[in-house]
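Notes follow the structure.
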Amino acid sequence: MAWDFETEPEFEEKLEWMRQLLVEEIYPLEGLPPEIQRDRDKIDEITAPLKEQVKTQGLWATHLPPELGGLGFGQVKLGLMNEILGKSSFAPRIFGVNAPDTGNAELLAVGATDEQKEKWMQPLLDGKIRSAFSMTEPDTAGSDPKLLKTNAVRDGDEWVINGRKWFTSNGSVADILISMVVTNPDVHPYQGSSMFVVPTDAAGLNIVRDVPVMSHPDHQTGEPGGHSEVVYDNVRIPHANLVGGDAGVGQGFVLAQKRLGPGRIHHAMRWLGQSRRAFDMMCERAVSRYTHGSYLAEKQMIQDWVAESEAEMRAARLLTLQAAWHMDKHGASASRMEIAIIKWWGAKVLYNVIDRAIQVHGALGFSTDLPLESMYRAARAARIYDGPDEVHKVTVARKILKGYDAVEVPSEHYTRKQAAAQEKFAEYLDLATANL
Ligand SMILES: Cc1cc2nc3c(=O)[nH]c(=O)nc-3n(C[C@H](O)[C@H](O)[C@H](O)COP(=O)(O)OP(=O)(O)OC[C@H]3O[C@@H](n4cnc5c(N)ncnc54)[C@H](O)[C@@H]3O)c2cc1C
Numbered sequence: 000m001a002w003d004f005e006t007e008p009e010f011e012e013k014l015e016w017m018r019q020l021l022v023e024e025i026y027p028l029e030g031l032p033p034e035i036q037r038d039r040d041k042i043d044e045i046t047a048p049l050k051e052q053v054k055t056q057g058l059w060a061t062h063l064p065p066e067l068g069g070l071g072f073g074q075v076k077l078g079l080m081n082e083i084l085g086k087s088s089f090a091p092r093i094f095g096v097n098a099p100d101t102g103n104a105e106l107l108a109v110g111a112t113d114e115q116k117e118k119w120m121q122p123l124l125d126g127k128i129r130s131a132f133s134m135t136e137p138d139t140a141g142s143d144p145k146l147l148k149t150n151a152v153r154d155g156d157e158w159v160i161n162g163r164k165w166f167t168s169n170g171s172v173a174d175i176l177i178s179m180v181v182t183n184p185d186v187h188p189y190q191g192s193s194m195f196v197v198p199t200d201a202a203g204l205n206i207v208r209d210v211p212v213m214s215h216p217d218h219q220t221g222e223p224g225g226h227s228e229v230v231y232d233n234v235r236i237p238h239a240n241l242v243g244g245d246a247g248v249g250q251g252f253v254l255a256q257k258r259l260g261p262g263r264i265h266h267a268m269r270w271l272g273q274s275r276r277a278f279d280m281m282c283e284r285a286v287s288r289y290t291h292g293s294y295l296a297e298k299q300m301i302q303d304w305v306a307e308s309e310a311e312m313r314a315a316r317l318l319t320l321q322a323a324w325h326m327d328k329h330g331a332s333a334s335r336m337e338i339a340i341i342k343w344w345g346a347k348v349l350y351n352v353i354d355r356a357i358q359v360h361g362a363l364g365f366s367t368d369l370p371l372e373s374m375y376r377a378a379r380a381a382r383i384y385d386g387p388d389e390v391h392k393v394t395v396a397r398k399i400l401k402g403y404d405a406v407e408v409p410s411e412h413y414t415r416k417q418a419a420a421q422e423k424f425a426e427y428l429d430l431a432t433a434n435l
């Protein structure tokens, strides 16, 4: 009987070290002027000593199993770590687990040839190169990647890629893009798509712009965290760049699933930290702000928000850690339902809690004097990226509904129960009738 909600003491010590590092060293980075915060090289320079500390603690790039070059922490430990790292947008990079590099390293770890791993995965893990994942297109529905149009045609020992992608996050600062393209339009997309490693300096690759978005409306192309629109105009790529080599032809969807599963759960883990940070702000304000004869904390409506938020966050945490445990035990493919549930539920909780925290702060919550408004804008995207809520709900509902058979009379209908009772308890019923 194994049913344990405790963290082992040695690992809890590591988590405590992380919490302290966040409060003492990482939160202050958020007070730097915006121009420094946006300057990735400057931030790398400032945070280099912190990265060294993280490495000394054995907490650097913990997302891969040991046989694939990582530390083998597994998803549960990673979940507990990401819950802390999610509190500040600076933290994942300082721990070598920032998206999209983590997902891309995982993809290369499971799908790339040894040569490709050495060339791209290891430098990614070492934080020496940056990457982006280039799948969504402006002209086809990203929620249904079977519709992708960007294609690669083989020409001798090369492939020629043509098409247009967008929302390639970090594309304009990346060294490589992992691009999902159609390599055989004559078969089902599940067998006709492949992934390529495309260096961003390849001839014909044009980063048109970073699309300004709700979370970063002032974003300038070339700053980190942008969502790039990318034109592939006869981009010639050696066959050696096809992820998985010969065996990788037609494997795009298999690889995408392997990448997106862990990526989604890592998002959900970080949302726990974001939600908790907003929640702490809400509670602090509730006990500090006096109005209409009492503190906000004493108003039942505010208490309702505090209680609802705590319950929602706990539910999200348990669902996330359970999904993580399921992945560790049964693998990502067998955990699609668990991952889908936490992807939309986690995004909803994040959004709800930040929204309530803003309301409790009134005008201050709406202002840029607090991080809540930017957290709110960023949280909105969580309901769209890595698959919109609706698609994940479809996955969940379909799987559940497969377990049910259509009936003419509902199973719980009184007449069916009566018949069952007659069959099972006939002697008592006969007795009851005889006594009338
Ligand atoms: C901040 C951010 C970062 C991103 N980063 C990346 C990245 O790095 N790489 C990358 O390739 N992509 C990235 N994306 C793109 C993202 O994956 C897509 O936006 C997402 O898959 C949805 O595709 P779409 O935008 O084309 O919406 P569409 O597919 O056009 O869907 C629009 C809406 O239709 C509804 N819908 C869709 N399907 C169904 C259904 N079955 N039932 C009911 N309603 C449905 C949903 O409400 C959905 O929001 C990012 C997006 C955002 C916002």
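Once you know that position 59 of the sequence shown is 58 in numbering that gives the first Met the number 0, the rest is easy, because the numbers rise by one and skip nothing. Where is the CB? At the ideal position from N, CA and C, for every residue including glycine.
Where the alpha helix (DSSP H) containing residue i begins and where it ends
i: H412; result: Counting along the chain, H412 falls outside any alpha helix (DSSP H), and DSSP gives it neither H nor E.
i: G272; result: G251 to S287
i: P8; result: P8 to L20
i: S308; result: Q299 to H329
i: A104; result: D100 to G110
i: V75; result: G73 to L84
i: V53; result: R39 to T55
i: T394; result: D388 to L400
Residue interval of the beta strand (DSSP E) (run including residue i)
i: I177; result: I175 to V181
i: D138; result: Neither: D138 is in no beta strand (DSSP E) and is coded neither H nor E.
i: L204; result: L204 to D209
i: H226; result: H226 to P237
i: V152; result: N150 to D154
i: P198; result: S192 to P198
Under the three-state DSSP convention, the category residue i falls into
i: Y350; result: helix
i: W165; result: strand
i: S214; result: coil
i: A377; result: helix
i: Y427; result: helix
i: I160; result: strand
i: F132; result: strand
i: M120; result: helix
i: S366; result: coil
i: Y26; result: helix
i: Y442; result: Nothing about residue 442 can be read from this structure; the chain reaches only from 0 to 435.
i: T290; result: strand
i: L295; result: helix
i: L241; result: strand
i: M0; result: coil
i: K416; result: helix
i: K342; result: helix
i: E222; result: coil
i: I383; result: coil
i: E337; result: helix
Test: residue i CB closer than 9 Å to a CB of chain B
i: K13; result: Among the chains in the structure shown there is no chain B, since it carries only a single protein chain.
Same chain, Cβ closer than 8 Å to residue i, five either side skipped, listed in chain order
i: V229; result: S133, R163, K164, W165, T167, G170, L176, L204, N205, I206 and V207
i: L428; result: A420 and Q421
i: E5; result: none
i: L415; result: Leu is not the amino acid found at residue 415; the sequence shown has Arg there. V408 and P409.
i: M312; result: L271, S274, R275, F278, V348 and V352
For residue j and residue i, believed in contact at Cβ under 8 Å, the rounded distance
i: M374; j: T319; result: With 8 Å as the limit, M374 and T319 do not qualify as a contact, their Cβ atoms being about 18 Å apart.
i: S193; j: G141; result: In fact, because the Cβ distance is near 18 Å, the residues do not count as touching under 8 Å.
i: G221; j: H215; result: Their Cβ separation, rounded to whole angstroms, is 13 Å, which puts G221 and H215 out of contact at 8 Å.
i: I341; j: A322; result: 5 Å
i: G272; j: E82; result: 5 Å
i: L259; j: D385; result: 6 Å
i: I45; j: Q36; result: Contact doesn't hold; Cβ gap of about 10 Å is too wide.
Cβ neighbours of residue i in the same chain (closer than 7 Å, five flanking residues each side left out)
i: A277; result: V352, I353, A356, L371 and M374
i: A339; result: H391, T394 and V395
i: F94; result: V53, L58, W59 and L84
i: A201; result: V234 and I236
Neighbourhood of residue i by C-beta distance below 6 Å, restricted to the same chain and skipping five residues each side
i: W158; result: A151 and I236
i: A378; result: L349, Y350 and I353
i: E389; result: none
i: M280; result: A356
i: A296; result: A285 and V286
i: K145; result: P188
i: W324; result: V75
Proximity winner among the options, relative to residue i (alpha-carbon distances)
i: L123; options: E297, V196, L146 and E15; result: V196
i: K50; options: P33, E24, P32 and Q74; result: E24
i: D100; options: S87, L79, A433 and I128; result: I128
i: Y289; options: K347, I42, V359 and D327; result: V359
i: T61; options: G78, Q19, T135 and A201; result: G78
i: K76; options: L63, G110 and I160; result: L63
i: G102; options: V172, G262, T182 and Y403; result: G262
i: A380; options: N97, G243, A131 and H226; result: H226
i: T182; options: P65, Q121, A173 and D245; result: D245
i: G251; options: H291, G110, E66 and K398; result: G110
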